[in-house]
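Residue numbers (the working numbering): 1 to 103.
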């Protein structure tokens with residue numbers, strides 16, 4: 001009986017550890033915003049990229065990524081924004097256009 005209880009406890013601990021590794025869209029977006037506010041643009045770009053991968057239809061992730069790219073001066077390389085050009089079709093709103101025009 002003790003052995004079964006120990007195995008159950010071990011299984012619960014393993015599952016709890018795995019569950020903590022997956023972040024939601026909101027957590028990734030919030031992390032990106034925190035990095036953006038701290039002027040840590042490279043980390044912000046990575047966090048927003050993860051948010052986009054979780055929910056590619058949520059335009060807020062693209063907006064955050066574009067703002068981080070502009071702040072990091074990566075728009076001239078084209079990798080930061082153009083990579084998501086196809087995904088942005090139909091999602092573009094005036095805020096994204098404004099950010100890109102300011103670049």
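Glycine is no exception: its CB is placed at the ideal position from the N, C-alpha and C atoms. Computed from a predicted model, the values in this text were never measured in an experiment.
Alpha carbons only, please: which of the options is nearest the one belonging to residue i?
i	options	result
residue 27	38, 41 and 54	54
residue 22	34, 50 and 36	50
residue 46	58, 59, 56 and 32	32
Compute the distance between the beta-carbons of residue i and residue j, then report whether it is under 9 Å.
i	j	result
residue 71	residue 29	no
residue 61	residue 25	yes
Applying the criterion that 16 or more other CB atoms from any shown protein chain within 10 Å of the CB defines a buried residue, is residue i buried or exposed?
i	result
residue 38	exposed
Report task. Please specify which runs of the alpha helix (DSSP H), each continuous and at least 4 residues long, are wholly inside the segment 17 to 65, giving them in chain order. Result -> Counting whole runs of 4 or more residues, the segment 17 to 65 contains the alpha helix (DSSP H) stretches 25 to 37 and 41 to 54.
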